Amino acid sequence: MANKLLVIDDSLTVRKMVELSFRNEGWSIDFAANGADGVSKALSTAPDLVLLDFVLPDMKATDVCERLAASPKGADLAVILMSAKMERVRDLFKNYPMVVDFVGKPFSATDILERAARARGPVKAPAPAPTPVAAPEPAPTSDGFSFKDKEVAANAVFQSIKRELASIPEWTRKLGAHPPALYFARKILTPEVVESILGGLRPLYRGLAPAEPTVAPAPEPSADGPSFSGQTSAFPLGDVLSLLASGGRTGELRIHHDDKTVLCYWQSGEVLLVTSLDPVHYANGGPDIGSVPPDELASAEAEQRASGKPIFVTLAARGHWPEAELPALLEERGRRMLAGAQEATAARFTFRQTETLPDYAESFGQDIEIAAAPQAQQTLAQLTLERLRRPSSWREAQLHLPGAEAVYARAAGFSARLVQLTVSANEQRVLTLIDGRHTVNHIAQRSGIGAPEVARILYRLAATDLVAAPLARPSSRHGAISLRPVMILEPDRDGFHTPLRELLAGRAEPLELIDLAGEPDLLGAIQRERPALVILNDASTDAADVARAIRSAPQLANVSLAAIVDSQVKARMDDLAAAGFDAVLVKPVLYSDLSKLIASSFLAANSVSRTRSMENHGEDTRR
Amino acid sequence: MIERARMAVVVGDTMDSGTLQSLGDACARVGAEIQVWKAAGSVEHETWPALVIAALAAGVRQLPEPIIELADRRFPGTQVLLVCDEPLVRPTLTLQRGRLTLIEPPATVERMASRIRLLLATEPDDVRTPPNAGRLAPPDAGAFVSQEFRRAAWWAAQLACGGAPGDLQAPRPWLGLDRGMTAVLTAAGMEEGQVESAADLVRRDLAAEELSAALERTLDPHAGLVHLTEDGRSWLIYWPCPWRPLWLFSTQRLPRWSNLALSANTGVWRLPAVAGDVVAALSSGTALGDGPAAATAPPPTAVSTAMLDGGPALLAFFEARLASAPRPFSCLLAEVR
């Protein structure tokens, strides 16, 4: 019976790597793409070994260990932790005896197999390969090689391609309409494999009997060095990408186009990360980096110019960028860089096979889908549209938002562009009302969408050339939108948002309401926007945890926090106040209380008192 | 001069013909007489109206002379309803200890009718008010009965409808009008003394836990109580029966509509009251014709719209429903002015 291995890692690349490494080595492998699933599988299947990634999408690796340790079944497991930052994370696990070893990313198959063997003792041996029956020394054949020579050669060829042969069942599923012979040949006979075969056969061709005739050297990746290069005029970039993908290549592809150098890091035929040697080119159209200290930014840019390391990675390492955002951000930037390269009319490329990739590519890289060349331009526009829909880009939009009286018209070629893009229902609604006559306010009234959202939609439609620039100048730099918004985390199930948005918009200095419902990285979003006030619905979130997280972030010290609870349970309200909420309001919340809270959040952001008493005050009669 | 309990004098000089027409319709809807008064050809009224109604143009910050003439000199102390031509902080607004009521546009017939009905409601301290005010006579089968009362800080009403003969009767509503407003939706078999004891308890200054325990001992678990303090600044709610809707509607709250029955069933709940609050305690949601889910479901749009015009508009909505389809139903309504 095979040893059971459970791999807890959301990276498809790592999972594939582990699968290839352990295949035919006497292990049955199961995978979990997140911590919760991993804990569940570990406790239910009791694997002989768990490979646990340090960075998981839903929880920390320490939390996984904590949950395992809480169960007798889990405490008995053996865990090997995988991380690109081995030295930094090792201490975090010293209290978890189940963590028996650490492996740095990237790791080789030999390395991980050896560690697995050490962790669980000798693994059950795979079925032995058929041993050639001893036979009398055969006579040389007509070609001058003995049977033994040919057996050695056959063994060398087999050893070189056995890993690829093992992938045939998986490839068969992807075969589709490809001619099978050509498809499998391209998959198996990669330059590395051929080089390995030739290496194994070299002793025969030299006419020398191999010193160790039984086994040819294992197919080690070749040393770093240029593998091939060319120009897209002769060898289209799309073909280069297909070749690297189908060949399962690992290494660095440099693409030089329009005075820019784009670096694509490949791992086993997948694009893991794409960056640029030009930090300005890389960051252009990306999230706002205006709040980063200039010297830190300059240093990160210098590093990117030298090595291609994305500035966001450097900034995250120095605490100036939320690390949790990196995978999605690098993927988005990467898709953009690659699409830009594909769109270039002329480019040079060089592929260099490497054994290892930069650690940041391993740690934060995501599989980047390669779009077909004709779709590259469309992809760029769609990417822009999608990026500007995210709350993280609203700060950028805010700086360019039109005033409420601005008028937009449809851009030339509007119809042709529109059919290439996927627009949201609200974007479609706004588009139908753009006629070169109606103002932002008019469109907001007629569409039923709030004016700030209409302005953001117009901004992103302009960025994708669907509408022309505003015909009227904004009445003020920030139009109708404040620089410090109010954020709310509450599914709008009881009609809270619209009146609150109206309340904020009706102020002398209108405030924007940002809806955080569905935002996966709540703390990251709050850190980006630095709102004056965050309102959390106690019923739908673990509000106390969120409050503690916000209160432990020094840069969010001037953010006011309000919890909204459904009923007046004193103990619960006290708990929330203790967790860091400035105010705990009971539904239905009085406008006057909210107004006071908002006013105090803006007037005395740094000196808000905990748990204000909410009382009624006198009021003016007219709006 | 004879005082007419249901007569309104309209300051014609302030009002366009369209508004005057709507106002006539609104008065007719609530059974009020209307007389138009013009400063130029002023006629001496032989009767003392219950209400003076005038329009107020946008931007005007002082009452025009004709209104002062009528409301302060000819009929001093009379209630005044001003139909304003600009948005106010809420749809209706009450000032000067209840004497001056303003409504914001649109001055719909429903909105004006609601305010006129409120202003014409009985004052508990009025000498003409019967001593048993607040005790609603049981309705006949297929008919409904209602009562309304008004003080400077609040308006309250109770309504009961008898279903077809043989139907189970809806719980009896009970209104206490002393030291604030106390509304009790009773349960079958409850004695008057129990209800009065409960009303007496909430008027005392007891701690929440003590009051909860006392009310639990006094009231049937199927009965609920809502008390508004005399100054109209605080609600006290004891509602152990989540299956009976207890709505709170206010344009000054988020969300505008809440069913407190779902969140207030953990003892006594005190929450601040603000002008514009409308509370509706219902025996069931079935008077709305929405089936069993109505107890917890949000009210239909027609009800929300009616609530926007205040408690009397909601009462009129229920009455219209019950007139066309009588069923066992009772409710207590209150509005903070």
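Chains A and B supply the protein sequences, listed in that same order.
Numbers 1 to 623, taken from the working numbering, label the letters of the first sequence in order.
Numbers 1001 to 1337, taken from the working numbering, label the letters of the second sequence in order.
For every residue, glycine included, the Cβ atom is placed at its ideal position computed from N, Cα and C.
Here the structure is a predicted model, which is why all the values come from computation and not from measurement.
Run of the beta strand (DSSP E) containing Pro1272/B, from where it starts to where it stops: First-last of the beta strand (DSSP E) with Pro1272/B: 1268-1272.
Nearest-angstrom beta carbon gap, Ala1050/B and Ala1005/B [assumed within contact, 8 Å]: 6 Å
Sequence-distant residues of the same chain with beta carbon closer than 7 Å to Ser1197/B, five excluded per side: Leaving aside the five residues that flank Ser1197/B on each side, the residues in its chain whose CB is nearer than 7 Å to its CB run, in chain order, Thr1218.
Interface flag, Arg1253/B vs chain A, CB-CB below 9 Å: Yes - at least one Cβ of chain A is within 9 Å of the one on Arg1253/B.
Spatial neighbours of Leu1311/B in its chain, beta-carbon cut-off 6 Å, leaving aside the 5 residues before and after: In the sequence as presented, Leu is not what sits at residue 1311/B; that position holds Gly. So the list reads Trp1155, Val1278, Leu1333, Glu1335, once near-sequence residues are dropped.
Residue burial classification, Thr172/A (beta-carbon count within 10 angstroms, cutoff 16): exposed
Burial state of Pro72/A, where buried means 16 or more other Cβ atoms lie within 10 Å: exposed
Interface flag, Phe496/A vs chain B, CB-CB below 9 Å: yes
For Glu252/A: DSSP bridge partner residues: Tyr265/A, Arg352/A
Cutoff 9 Å: Val589/A Cβ touching any chain B Cβ: yes
CB contact below 9 Å: Pro1131/B versus chain A: no
Interface residues of the segment 283-299 of chain A facing chain B [CB-CB below 9 Å]: The segment 283-299 of chain A vs chain B, Cβ under 9 Å: nothing.
Cβ pair count under 8 Å reaching 3, the segment 1171-1186 of chain B against the segment 1143-1158 of chain B: yes
C-beta atoms of Asp1140/B and Gly1162/B nearer than 9 Å: yes
Minimum C-alpha distance to Arg1337/B - residue among Val1303/B, Ser1250/B, Ser1324/B: The shortest Cα separation from Arg1337/B among Val1303/B, Ser1250/B, Ser1324/B belongs to Ser1250/B.
Exposure of Leu329/A, with buried meaning 16 or more beta-carbon neighbours within 10 Å: buried
C-beta neighbour in chain A for Ser1330/B, strict 9 Å: no
Closest by C-alpha distance to Asp542/A, when choosing among Pro322/A, Arg572/A, Pro531/A: Shortest Cα-Cα distance from Asp542/A to any of Pro322/A, Arg572/A, Pro531/A involves Arg572/A.
Beta carbon proximity, Val1080/B to chain A, threshold 9 Å: Interface with chain A (9 Å Cβ-Cβ cutoff): Val1080/B is excluded.
Asp288/A Cβ short of 8 Å to the ligand ATP heavy atom set: As far as ligands go, the structure on display features none, and thus does not contain the ligand ATP.
Within 8 Å of chain B by C-beta, residues of the segment 553-573 of chain A in sequence order: Residues are counted here when their Cβ sits less than 8 Å from a Cβ of chain B; for the segment 553-573 of chain A these are Asp566, Ser567, Gln568, Val569, given in chain order.
Within chain C, the residues that Ser1250/B reaches when beta carbons sit closer than 9 Å: Here chain C cannot be found, since the structure's protein chains are A and B.
Interface flag, Pro391/A vs chain B, CB-CB below 9 Å: no
Segment contact flag, the segment 332-349 of chain A with the segment 271-281 of chain A, C-beta cutoff 8 Å, min 3 pairs: In short, these stretches touch, since the Cβ pair count reaches three.
Cut-off 6 Å between Cβ atoms - residues of its own chain near Glu1086/B, not counting five sequence neighbours on either side: Cβ neighbours of Glu1086/B beyond the five flanking positions: Ala1058.
9 Å Cβ cutoff, Ser1022/B in contact with chain A: no
Neighbour flag for Pro499/A against chain B, beta carbons, 9 Å: Output row for Pro499/A: interface = yes.
Three-way DSSP call (helix, strand, coil) for Phe496/A in this model: In the three-state DSSP reduction, Phe496/A falls in the coil class, being neither helix nor strand.
C-beta contact flag for Leu1315/B and Arg1117/B at 9 Å: yes
Whole-Å CB distance - Arg115/A paired with Asp48/A, under 8 Å assumed: Going by Cβ atoms, the distance from Arg115/A to Asp48/A rounds to 13 Å, so no, they are not a contact pair.
When Asp101/A, Leu315/A, Ala553/A, Ser560/A are compared against Leu594/A, the one with the closest alpha-carbon: Ser560/A
Min CB distance Trp1269/B to chain A below 9 Å: yes
Leu516/A: contacting residues in chain B (beta-carbon distance under 8 Å): Those do not exist, as Leu516/A stays about 17 Å from chain B at its closest Cβ, beyond 8 Å.
Of the residues Val486/A, Glu427/A, Cys65/A, the one placed nearest Ile457/A, counting alpha carbons only: Glu427/A
Touch test, the segment 344-354 of chain A against the segment 249-266 of chain A, Cβ-Cβ under 8 Å, three pairs minimum: In this structure the segment 344-354 of chain A touches the segment 249-266 of chain A; the number of beta carbon pairs closer than 8 Å is three or more.
Residue range of the unbroken alpha helix (DSSP H) whose run includes Gly35/A: 35-45
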